[in-house]
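What follows is a short report on a single structure.
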Amino acid sequence: MGSSTPLVKAVKGMNDILPVDIGRWHAVEGAFARSMQRLGYREIRTPYVEPTPLFVRAIGETTDVVEKEMYSFRHHDEPLTLRPEGTAGAVRAYVEHGVHNTEPVTRWYYHGPMFRAERPQRGRYRQFYQLGAECIGDAGPGCDAEMIDALVGFLQDIGIEKPDVFLNSIGSGDTRARYKEALTAALSPMKDKLSADSQRRLTTNPLRILDSKHPADAEAIATAPTILDFLSDADRAHWDELRRQLDALGTPYQVDPKLVRGLDYYTRTLFEIKGAYDKLGAGSTLLGGGRYDGMVKDLGGPEVPAIGFAAGLERLLIASTLEVSASVVDVFVAPLGEGTQAPALVLARDIRRAGLRCEVDTRKASMKAQLRRANALGARVCLILGDREVNEGVVEMKDLAAHVQEKVARADVVARAAAVVASPVPPAREGDGK
RNA sequence: GUGGCCGUAGCUCAGCUGGUAGAGCGCUGGAUUGUGGUUCCGGUUGUCGCGGGUUCGAACCCCGUCGGUCACCCCA
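Residue numbering for the first sequence follows this note's numbering, beginning at 1475 and increasing consecutively.
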């Protein structure tokens, strides 16, 4: 009946995904899996809960994620955390299973929920879903270029017309150390003019100032030295080669020397893809990633390079124009009259055994109500089984899209219904049925 | 986490300087006592997010709280 006030509600920032919406989720997840499999990636699933120190080590002690966004708790004195991202767990699994001993290059993709205690808004939730992949064991820029190119293709596959790729290199350890020094030196004199956040960042994490949207920081950012001028020879070679290969692939990108990311583990290549600005506003980063050549070793493994990315599934769904069939069943069986339920159940089971989706009405509803339901479920065929039909050994088969109906022998009805379901939907016509 | 805006039926929303709720869609019944979708006619739905306060009287004003949203922080 009417409405009701729930006694218990879902946790803030954590949402139900209802069946009406799940089709689009499946479509995007499926497109992603196919796209990664075509590149030789295999799926990995890791736990949603990991030991807290994994994230502290991998992501970095002073990052916002670790400092204030993790769902952490103790269980029997063991510090645990709901994973805030997927790379740390994948790399932990890589090290734990000694995967480097079994193959030179490892390509894994994953999808699943992540948890971050931020203030929710559109496209940003406390339990959210990521699609991601890691390529471990190849240091070359070709690996980076291939990944970026494939991602653009994937986004186009799900109907995101023109994804914008932003690209940067933040070099490796020594490059970054020299740049940090130069940046701090350049910005310190104007410290008083910076925003409060950036003044603090000057000592904690000066790179992040480049990312600030605060108007007070605009001038400092504009005049700051760019990290691309500080690249070591090896870093520069990687960077130049990456761009050459992207050009060869014909994948457009924009160099953004101010692109920095909030996780400490990145080295060299950094990329971000944005799109659907009108629908996503400030959260239009669809996907971000980069190289993390040091993490495997940091987590106790061998010195092995790696690159990966993660995409926000909710954001992809907002940006995607994919449309998905709302049809729930292929065939609807409508029993009419007293003795018809049992034959209807048998008929429905036969239909399902032929591989079709079929719902049978067990409510004893009127024919009108049953046909309405058949229509609402998106059935192509409605099989009407009244006492008359049962007695005659036939079924009334109605093609709901073509608006035609015929009497079919019970023995033939499964094959005939299957043929109708497989046949193209006739062109829509104006009009009223007869 | 900081600040702004919002919260009325399942959905989208209306409700005039406070006088105790309305539309469309949906759902449902009928027109067609065995035929959907289209058409026509009828019916149905609310502790006006929650708690407190002001007032003779609150959906409307005030405080708190929860939720959403936008921006920031940050990120996917």
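Here a beta-carbon is modelled for each residue, glycine too, at the ideal position from N, C-alpha and C.
**Request:** Going by CA-CA distance only, name the one from G1736, T1741, I1781 and I1747 that's closest to V1729.
**Result:** I1747
**Item:** Nearest to L1492 (by Cα), restricted to the options R1831, D1804, D1835 and A1800
**Value:** A1800
**Prompt:** Starting from M1769 and walking both ways along the beta strand (DSSP E), at which residues does that stretch end?
**Reply:** Careful: M1769 lies outside any beta strand (DSSP E), inside the alpha helix (DSSP H) at M1769 to D1772.
**Request:** Could you spell out the range, first to last residue, of the beta strand (DSSP E) harbouring H1549?
**Result:** Y1545 to H1549
**Message:** With a threshold of 6 angstroms on Cβ separation, who are the neighbours of A1883 within its own chain once the five nearest residues in sequence on each side are excluded?
**Reply:** V1868
**Prompt:** Do you know how far the Cα of R1735 is from the Cα of T1539?
**Reply:** Reading the sequence as shown, one finds Val at residue 1539 and not Thr. Those two C-alpha atoms are separated by around 12 angstroms.
**Prompt:** Going by DSSP, what residues sit across from P1809 in a beta bridge?
**Reply:** L1859
**Prompt:** With which residues is P1553 paired in a DSSP beta bridge?
**Reply:** R1548
**Request:** Classify I1781 as buried or exposed, calling it buried when 16 or more other Cβ atoms lie within 10 Å of its own Cβ.
**Result:** buried
**Prompt:** Over what stretch of residues does the beta strand (DSSP E) that includes G1763 continue unbroken?
**Reply:** For G1763, the enclosing beta strand (DSSP E) has its first and last residue at T1759 to R1765.
**Prompt:** If you run the structure through DSSP and keep just helix, strand and coil, what is H1688?
**Reply:** coil
**Request:** Would you kindly work out how many angstroms separate the C-alpha atoms of F1628 and M1510, rounded to a whole number?
**Result:** 9 angstroms
**Item:** Straight-line gap, I1533 to V1820 (C-alpha atoms, nearest Å)
**Value:** 58 angstroms
**Inter-residue Cα distance where the pair is R1590 and Y1545** = 7 angstroms
**Message:** Here's the rule: buried if 16 or more other CB atoms are within 10 angstroms of the residue's CB, otherwise exposed. What is I1496?
**Reply:** exposed
**Message:** Tell me which residues share the same chain as G1907 and place their Cβ nearer than 8 angstroms to its Cβ, disregarding the 5 neighbours each side in the sequence.
**Reply:** A caution first: G1907 carries a pLDDT of 37, below 50, which makes its placement in the model unreliable, though a value can still be read off. Once the five neighbours on either side are set aside, the close Cβ partners of G1907 are H1877.
**Message:** According to DSSP, D1873 sits in a beta bridge with which residue or residues?
**Reply:** Answer is V1855 and V1878.
**Request:** Assuming G1606 and G1560 form a contact by the criterion Cβ under 8 angstroms, report the distance between their Cβ atoms to the nearest whole angstrom.
**Result:** 5 angstroms
**Prompt:** Tell me which same chain residues have a C-beta within less than 6 angstroms of the C-beta of Q1844, skipping the five on either side of it?
**Reply:** A1808 and D1835
**Request:** Could you tell me which residues DSSP puts in a beta bridge with L1744?
**Result:** N1642 and G1764
**Request:** Please determine, among V1798, R1823, L1554 and R1847, the residue with the shortest C-alpha to C-alpha distance to R1498.
**Result:** Of V1798, R1823, L1554 and R1847, the residue nearest in Cα terms is V1798.
**Asked** Which whole-angstrom value is the C-beta distance of Y1531 and D1772, which I expect to be below 8 angstroms?
**Response** With the sequence shown as reference, residue 1531 is identified as Arg, and Tyr is not the correct amino acid for it. The pair is a contact, with the Cβ atoms about 6 angstroms apart (cut-off 8 angstroms).
**Request:** Drop a sphere of 10 angstroms on the beta-carbon of Q1719, count the other beta-carbons inside from all chains shown, and report buried for 16 or more, exposed for fewer.
**Result:** Within 10 angstroms of the beta-carbon of Q1719 lie 16 or more other beta-carbons, which makes it buried.
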